[in-house]
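Asker: Just so you know, the first sequence maps onto residues 760 to 1654 in this note's numbering.
Just passing along the structure, written as structure tokens.
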Amino acid sequence: MSKTSNYKDTILLPRTALPMRAGLQKLEPRMQKRWKEMDLYGRLRSARAGRPRYVLHDGPPYPTGDLHVGTVLNKVLKDMVVRWATLRGHDSPYLPGWDCHGLPIERKIQERLGNRWRDTPLPEIRRMARELALENVELNRQVFLRYGVLGDFYDPYLTLNPGYEAGVLDVFARMVEQGYVYRKLKSVHWCTTDKTVLAEAELEYRDHESPSIYVDFQVAVGPAQLQGAAFMIWTTTPWTLPGNAAIAVHEDRDYVLASFGGSRRSVVLQSLLGEVAKVAGEAEPIATFKGADFAEVRCRHPFLDREVPVVFADYVATDIGTGVVHTAPGHGREDYDTGVRYDLEIFCPVNGEGLLTEEAGPFRGLHVQRDANDAIIEHLRESGRLVAAARVRHSYPHCWRCHDPVIFRATTQYFVNVDHEDLRERVLASLDGIRFVPERDHARLESMLRERPDWCLSRQRTWGVPIPAFHCNACGYTALDAALIDRVRDRVGNEGADIWYELEAAELLPDGYACSECGARDWMLERDIFDVWFESGASWRHVCENRLALDGPADVYLEGHDQHRGWFQLSLLPSYAVRGRAPFLNLVTHGFTVDEHGRKMSKSLGNYIGARDWAEKHGVDVVRLLLASLEYRNDYPLSEGHAKTASETYRVYRNTLRNLLGNLRDFAPFEQPAREEMLEIDRWALHRLAVVMEGVAASYDAFEAFKANQKLHLYCVKELSAILIDCWKDRLYCDGADWPSRRSALTAAQEITRALTLALSPILVHTTEEVHDLWPDPKADSVHMEEWPAHLAEWRDDELGERFAPRLELREQVLKLLEPIRAQKHKSTDAHVTVPRGVWDDAEALSEWLIAGHVSLGDALQVEVSLCDPCPRCRRRRPDLDASGLCARCTRATG
RNA sequence: GGGCGCAUAGCUCAGUUUGGUUAGAGCACCCGCUUGAUAAGCGGGAGGUCGGUGGUUCGAGUCCACCUGUGCCCA
């Protein structure tokens, strides 16, 4: 046996039960099981009861069968915020939720039912939808739990729960009470085959051949120059002409009155005159106008007894048509907006079957997609109003189910008046009191709020919370009344919203309730449901006020930036309308997942990353670490390469902690030395720890976990691994176990281990628990119940820190000078370093600091191979070897 | 088509608000050392002209304009 291995038994090498290889796939489920069994979440609630609260209110995701890593990022970001708050001693509950109603699930049910859909009773459809929603919630919950997210997952909030539904109805009742809600016609996509409204997501755009006609609207009222002339419109939907209420021009553009083919005199956009002439006949300009000149002009409808005004609109196309736009507010979104702006009558002479009604005059009874077009074109031709007719192929919306082209049709909808009681202005003014992360979102949300139209609350759907209105069967009056809604709310709160579909109106109304208009007592229930955004936008009532007993605003809402238009905005509006205040203090927003090329993640692009796949493949702690290292406020890239990088970082943390734990192998029985008894380098180590952790805390406080991670990583690599742990080896391994010098280092190592573990615990939730189990002095049953060490700041000593600046420089210089010596197969412990006086006049401390064999103080810096022999135990070339061959220190340590 | 963002080494990020010496880290990479943190550790090195173009300026990654790519929202 060699001499060296003899001495190996006399030194204290690191020893720990923490395996080098993590085996996360096994470790994580084990930890999660433990947390569930010990009821970690519940115990944290008790442990932090009475502490300052910090509430992150979870925006409810839609329950889907399949989660990708991007979805999990949102949850992990939230989890880190909550865990950090908890670590700092706050009572920070996390009540996760799901947005269970809505179109995607209803469509799935529709697909399953196929042709049976129309004959299936509504309660049955709702039952199936609920079942699917709950199934998906369960699937998602498993994933979130697999990702180590800590929260009230065994009693989450679901928007389909009676209590939640009652909260929605309560908010609605208060808004009705205060006059925010009104009913009005609005144009919607309508399928005449399925006789149903279609949402934007239910449209598929395909090529479709339509008529393309040019029609003259004779001037009825206008300047002398226009007498006897006409405005020429272009349209591809002749059947909408009965709904015409105006013709629109662009206020700032140039228009020209021209004669076409020598006879017809019509106004068109000047820049389109040439194009129009191709179909309308040779054009001869007569006079030019600005769009604005037509302000007072009125025209005669081409076949109905009606005058329509010329109005201004900025969407007037200048590259196709005539620049004069047929406007039918009941048949198109932009037309509708124009109609609202000019207070035009919004009417829709088309019924649900697609048949023109009485208001369409001679065309009554014709089907808009089958025979109305031809009849109208023929009529226009005969009356001379038709300038030209052709066919055109263009992209046109079709129904997702029957694939037939859809139409626009105006129906009565429920709206929130966002300007009632200055709601919009009040919300805008409140934005200054909200902290936006990132700051730029302030302007984004502000401009969205400024420009948004009134909020259409109603959907002609089945899977949602019903709008609690009653229609009088006798006179058609709609009773939308806060007191009635409160009655419904109370019953829904106990029995669930399904009662709306199971009971008759009379069972939900007070006995003998009579219509205020006609006195009748025969009522019908409204069949529309709420926009799901109204449900989630009212979450503050049930979740924050009722379940979390929160008086003030939530501390944080944290979602993707698509929620500026969605949940953020649509929570602000009801909260202001009902409570006159914002629902949150901090608004944190993250970007979206893209791949390494910056393209969005999608299954069709083949860059889709399933959350479950990655959990199993890389381990959750690695994925969490990856997510925690991203500047999430921009779009963030994810790929296998990124996961690999995260694994490397993970190994750094793990090995650093492993070494620290190994060195603390015999820490437990020690009495810790007083601070002033500690070696200077160890006091410096604690000073640095305090400084680093201060920065880490500031980063977490600013919702910048990625910066905290960066600081921690740098700390591990550059300070712990490269300097401290390397320097400490000699003292920790070779000094006597109970020497004050060794205890001094152990004390520092222990503080570092503690702080580093805790600082990483919001990210590496499983690994830090594993490390915590091996702490020599745990204070709690779980790392997640520990508190951030308050005494950290006391270690800070800036004066000491400054003293080390030149010493760090010296170290750099010595390392450079060591290069040629290393090239001769020598190591730094072979070196004899001469250090100029004034940097650190302590040769022993310097020899540790520089990991040199021995150090002399002198005039100039010099690094050379020592002439001394190495001590066989500590392997340093020492000038003080004794007769046994050991250096003085090793003799004492072994003696 | 419109609005709002983003674009610095192979990767993740600093630096841009208040323009000024050779643009900084870590990881990965290459070379060397170590074998007493060892499927670990230490040291050294190379690598960007800051998406593009054009301006303002004595001077721009940093200010302005336009463009390209990309993302979200809206139409």
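Using N, Cα and C, we set each Cβ at its ideal position, and we do this for glycine too.
1) When DSSP labels each residue in this structure, what does residue 949 get in the three-state scheme?
2) Have a look at 1033, 1215, 1179, 1300 and flag the residue whose alpha-carbon is nearest the alpha-carbon of residue 1092.
3) Where does residue 764 sit, in a helix, a strand or coil, going by DSSP?
4) DSSP has residue 850 in a bridge; who is on the other side?
5) Short of 6 Å in beta carbon distance, which residues of its chain neighbour residue 1645, apart from the five on each side in sequence? Order them along the chain.
6) Residue 1385 lies in the beta strand (DSSP E); which residues open and close that run?
7) Is residue 1029 helix, strand or coil when you go by DSSP?
8) With a 10 Å radius around its C-beta and 16 neighbouring C-beta atoms as the bar for buried, classify residue 789 as buried or exposed.
9) Could you tell me the alpha carbon to alpha carbon distance between residue 1312 and residue 1344, rounded to whole angstroms?
10) Is the segment 1403–1410 close to the segment 1379–1389, with three or more CB pairs under 8 Å?
11) According to the neighbour-count rule (16 or more other Cβ atoms, all chains shown, within 10 Å of its Cβ), is residue 864 buried or exposed?
12) Give me whichever residues DSSP pairs with residue 1473 in a beta bridge.
13) Tell me which same chain residues have a C-beta within less than 8 Å of the C-beta of residue 1585, skipping the five on either side of it?
14) CB-CB under 6 Å to residue 1285, same chain, minus the five flanking residues each way: which ones, in chain order?
15) Give me whichever residues DSSP pairs with residue 943 in a beta bridge.
16) Can you list, in chain order, the residues of its chain with a C-beta nearer than 6 Å to that of residue 878? Leave out the 5 residues immediately preceding and following it.
17) Please name the residue or residues paired with residue 1049 in a DSSP beta bridge.
18) Hey, residue 1323 and residue 1452 are a contact pair by Cβ (cut 8 Å); roughly how many whole angstroms apart?
19) If you draw a straight line from the C-alpha of residue 1537 to the C-alpha of residue 1531, how long is it?
20) Quick check on the burial criterion: 16 or more other C-beta atoms within 10 angstroms. Buried or exposed for residue 760?
21) I'd like to know whether the C-beta atoms of residue 881 and residue 1221 end up nearer to each other than 7 Å.
22) Looking only at its chain, what residues have a beta carbon closer than 8 Å to the beta carbon of residue 1650, apart from the 5 residues adjacent to it on each side?
23) Give me the DSSP bridge partner(s) of residue 1156.
24) State yes or no: is the C-beta of residue 818 within less than 7 Å of the C-beta of residue 916?
25) Spatial neighbours of residue 1528 within its chain, please: CB distance less than 6 Å, with the 5 preceding and 5 following residues excluded, ordered by chain position.
26) Just confirm the distance between the C-beta atoms of residue 1163 and residue 952, as a whole number of angstroms; I'd bet it's less than 8 Å.
27) Sort 1145, 1004, 1025, 1186 by Cα distance to residue 1099 and report the nearest one.
28) Taking the straight line between their C-alpha atoms, what separation do you get for residue 1638 and residue 1578?
29) To test your reading of the DSSP string, which unbroken alpha helix (DSSP H) runs of 4 or more residues are found completely within the segment 1298–1384?
30) Determine the DSSP secondary structure at residue 1617, reduced to helix, strand or coil.
31) Taking the alpha-carbon positions, what's the residue 1302 to residue 1338 distance?
32) Enumerated in chain order, which unbroken segments of the alpha helix (DSSP H) with a length of 4 residues or greater are wholly contained in the segment 1210–1259?
33) Closest to residue 1358 by CA distance: which of 1398, 1335, 852 is it?
34) When the distance is taken between beta carbons, is residue 822 closer than 7 Å to residue 920?
35) Thinking residue 1001 and residue 1063 are a contact (beta carbons under 8 Å), I'd like their distance in whole angstroms, please.
36) With a threshold of 8 Å on Cβ separation, who are the neighbours of residue 1199 within its own chain once the five nearest residues in sequence on each side are excluded?
Answerer: Here's the rundown:
1) strand
2) Sorting 1033, 1215, 1179, 1300 by C-alpha distance to the C-alpha of residue 1092 places 1215 at the top.
3) Confidence is the limiting factor: at residue 764 the pLDDT is only 49, short of 50, which leaves the residue's position unreliable, though a coordinate-based value still follows. Looking at residue 764 - three-state DSSP - the assignment turns out to be helix.
4) 812
5) 1630, 1632
6) Not the beta strand (DSSP E): residue 1385 falls in the alpha helix (DSSP H), residues 1379–1387.
7) helix
8) exposed
9) 6 Å
10) Flag = yes, the segment 1403–1410 and the segment 1379–1389 touch.
11) By the neighbour-count criterion, in which 16 or more other beta carbons inside 10 Å mark a residue as buried, residue 864 falls on the buried side.
12) Partner(s): none; residue 1473 has no beta bridge.
13) If we look at residue 1585 and ignore the five residues flanking it on each side, its Cβ neighbours are 1624.
14) Excluding five sequence positions before and after residue 1285, the CB atoms of its chain that fall closer than 6 Å to its own CB belong to 1226, 1228, given in chain order.
15) 1172
16) none
17) 1013
18) At roughly 34 Å, the Cβ-Cβ gap does not stay under 8 Å, so residue 1323 and residue 1452 are not in contact.
19) 7 Å
20) Only weak support is given to the placement of residue 760: the predicted model assigns it a pLDDT of 36, under 50, and the value that follows is read from those uncertain coordinates. With fewer than 16 Cβ atoms within 10 Å of its Cβ, residue 760 is classed as exposed.
21) yes
22) 1641, 1643
23) 964
24) no
25) 790, 1542
26) 5 Å
27) 1004
28) One alpha carbon belongs to residue 1638, the other to residue 1578, and they sit about 23 Å apart.
29) The segment 1298–1384 contains these whole alpha helix (DSSP H) runs: 1326–1338, 1370–1377.
30) strand
31) 15 Å
32) 1241–1254
33) 1398
34) no
35) 7 Å
36) Around residue 1199: no qualifying Cβ.
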